[in-house]
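Numbering (the working numbering), first residue to last: 57 to 510.
This is the structure we're talking about:
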């Protein structure tokens, strides 16, 4: 490990740049810090085992007294974050990724906000998305956090300015996780400190194929684990009743409910994921089809509840609400204890037990009335107004967070038992983003073929 000389005066702000093989971009990142309108800062550069020309570029700044350069073997982002925290002398600390860069007023604007209000633990800006060549693609506008009530959409991991003493009080970064450091900090901070957004675009975020954000499944899995690890012990006692409504083959002869997917009837995929989940107290299958109920009785004995519902409630166009109410009453009569009701479908065979538990953990942590299983909707959405198609999510280089669309995944919904039957009740709704595989719904022969190929 090698380092150059440090600045003599104690800085207000510590900026640190983490770099791994971003020699093509790091010079722009460094210059964007050195060209800040406020000069009371130090810059720590941590090269995490780069094998390109990064070291040569970083060493061009070895005589700059504001800069401390660290060269280490590849240890990963989270370890590098904690190293920067140990070395930082500033009152405030902020990470800048080596492939991104700052607006020249970023440090001044964000540090002024923290200086004016000691209750704020972190401040984060809006930002520009740019391509690999630095061309601006979009301006991303976050919510007005003076009006935000549900803090389930985190700040960007980089370019968020944090009070160093607050970061130290929460124990720094958890090295158990190899990604999603920003989400981890967010979950920790919203429990103890105020957070705020500047609503000004103050950094440039480069989108390219090697970005960490491409690995969706690992990102979502890590987020779910972070939520779980931040629940108090009392929360783990809260359980959910899983209700699986099935119309049956008598009402819908073409249903795939018992068709075998990779040697196992489709219905059993969801049931077995539910049985593996830690937060499910009991599974209730409700159906007018006696054959399906008898089939399940032979396999699972008393492991699951089997509720015979009226055929009138199993019609194609009949709302599911009444069935859920009756199945809930049935479970209560069986003396099943639960706080939540989980409404699912047998048509999502790849829904994992850890996702099922994740729904319950999420509703506990954010104390919402319900949580919906969703996918982020990126495609253009249109509606017909009588004169032709009109676009709902307008195409623009301005991406407003309030305009982001989410698509429900086959009606997957977790909700509090206490809200059943309440009229004119204002429901607070959270969302659990499912990865592409977990959200796969089998509604057609093509969907079936895709499921077999997964």
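Just so you know, even glycine gets a beta-carbon here, dropped at the ideal spot from N, CA and C.
Are the CB atoms of residue i and residue j nearer to each other than 8 Å?
{"i": "residue 409", "j": "residue 467", "result": "no"}
{"i": "residue 295", "j": "residue 394", "result": "yes"}
{"i": "residue 135", "j": "residue 231", "result": "yes"}
{"i": "residue 286", "j": "residue 243", "result": "yes"}
{"i": "residue 362", "j": "residue 353", "result": "yes"}
{"i": "residue 380", "j": "residue 397", "result": "yes"}
{"i": "residue 141", "j": "residue 213", "result": "no"}
{"i": "residue 20", "j": "residue 252", "result": "The chain is shown only over 57 to 510; residue 20 falls outside these bounds and no answer can be derived."}
{"i": "residue 197", "j": "residue 461", "result": "no"}
{"i": "residue 348", "j": "residue 339", "result": "no"}
{"i": "residue 125", "j": "residue 114", "result": "yes"}
{"i": "residue 336", "j": "residue 412", "result": "yes"}
{"i": "residue 407", "j": "residue 329", "result": "yes"}
{"i": "residue 390", "j": "residue 430", "result": "no"}
{"i": "residue 274", "j": "residue 508", "result": "no"}
{"i": "residue 262", "j": "residue 159", "result": "no"}
{"i": "residue 465", "j": "residue 443", "result": "no"}
{"i": "residue 85", "j": "residue 154", "result": "yes"}
For residue i, which residues in the same chain have their Cβ closer than 8 Å to its Cβ, ignoring the five residues on either side in sequence?
{"i": "residue 97", "result": "67, 68, 69, 70, 71, 89, 122, 146 and 163"}
{"i": "residue 250", "result": "173, 175, 176 and 177"}
{"i": "residue 414", "result": "280, 283, 284 and 488"}
{"i": "residue 457", "result": "196, 197, 198, 199 and 209"}
{"i": "residue 493", "result": "273, 406 and 510"}
{"i": "residue 233", "result": "134, 240, 278, 281 and 282"}
{"i": "residue 304", "result": "311, 313, 343, 344, 345, 347, 348 and 370"}
If we ignore side chains and look at the alpha-carbon of each, how far apart do residue i and residue j end up?
{"i": "residue 346", "j": "residue 403", "result": "20 Å"}
{"i": "residue 83", "j": "residue 278", "result": "31 Å"}
{"i": "residue 152", "j": "residue 506", "result": "40 Å"}
{"i": "residue 364", "j": "residue 501", "result": "29 Å"}
{"i": "residue 490", "j": "residue 65", "result": "48 Å"}
{"i": "residue 216", "j": "residue 166", "result": "9 Å"}
{"i": "residue 75", "j": "residue 103", "result": "5 Å"}
{"i": "residue 298", "j": "residue 471", "result": "11 Å"}
{"i": "residue 320", "j": "residue 356", "result": "14 Å"}
{"i": "residue 480", "j": "residue 377", "result": "16 Å"}
{"i": "residue 131", "j": "residue 220", "result": "22 Å"}
{"i": "residue 137", "j": "residue 224", "result": "12 Å"}
{"i": "residue 107", "j": "residue 116", "result": "17 Å"}
{"i": "residue 384", "j": "residue 473", "result": "9 Å"}
{"i": "residue 205", "j": "residue 428", "result": "18 Å"}
{"i": "residue 366", "j": "residue 375", "result": "13 Å"}
{"i": "residue 288", "j": "residue 171", "result": "32 Å"}
{"i": "residue 222", "j": "residue 238", "result": "14 Å"}
{"i": "residue 109", "j": "residue 439", "result": "52 Å"}
For residue i, count neighbouring Cβ atoms within 10 angstroms of its own Cβ and tell me buried if that reaches 16, exposed if not.
{"i": "residue 441", "result": "exposed"}
{"i": "residue 192", "result": "exposed"}
{"i": "residue 92", "result": "buried"}
{"i": "residue 469", "result": "buried"}
{"i": "residue 448", "result": "exposed"}
{"i": "residue 202", "result": "exposed"}
{"i": "residue 148", "result": "buried"}
{"i": "residue 78", "result": "buried"}
{"i": "residue 510", "result": "exposed"}
{"i": "residue 432", "result": "exposed"}
{"i": "residue 342", "result": "buried"}
{"i": "residue 358", "result": "exposed"}
{"i": "residue 187", "result": "exposed"}
{"i": "residue 248", "result": "exposed"}
{"i": "residue 399", "result": "buried"}
{"i": "residue 437", "result": "exposed"}
{"i": "residue 73", "result": "buried"}
{"i": "residue 218", "result": "buried"}
{"i": "residue 246", "result": "buried"}
Leaving out five residues on either side along the sequence, give the residues of the same chain with a beta carbon under 6 Å from the beta carbon of residue i.
{"i": "residue 503", "result": "none"}
{"i": "residue 184", "result": "192, 195, 257 and 260"}
{"i": "residue 181", "result": "254, 256 and 258"}
{"i": "residue 386", "result": "363"}
{"i": "residue 87", "result": "none"}
{"i": "residue 129", "result": "105"}
Once you ignore the five residues that flank residue i on each side, which residues in its own chain have a CB closer than 7 Å to its CB?
{"i": "residue 268", "result": "Reliability fails at residue 268, whose pLDDT of 46 lies under 50, so the model's placement of it is uncertain and no value is given."}
{"i": "residue 312", "result": "322, 498 and 504"}
{"i": "residue 266", "result": "Legend: pLDDT at residue 266 = 47, less than 50; position of this residue unreliable, no value from coordinates given."}
{"i": "residue 483", "result": "425, 426 and 475"}
Give a single yes or no on whether residue i has its beta carbon closer than 7 Å to a heavy atom of the ligand NAP.
{"i": "residue 449", "result": "For the ligand NAP, the structure offers nothing, since it holds no ligand at all."}
So within the stretch 302-367, which uninterrupted alpha helix (DSSP H) runs reach at least 4 residues, ignoring any that extend past its ends?
322-332 and 346-356
Could you tell me which uninterrupted alpha helix (DSSP H) segments, each at least 4 residues in length, are contained entirely in the stretch 169-204, listed from first to last along the chain?
none
Just list the beta strand (DSSP E) runs in the stretch 425-462, keeping only unbroken ones of 3 residues or longer that don't cross its boundaries, in chain order.
426-433, 438-440, 445-447 and 454-456
As an exercise, report each continuous beta strand (DSSP E) stretch of at least 3 residues that is fully enclosed by the stretch 99-169, in chain order.
Annotation note: the stretch 99-169 contains the following uninterrupted beta strand (DSSP E) runs of length 3 or greater, listed N- to C-terminal: 123-128 and 148-153.
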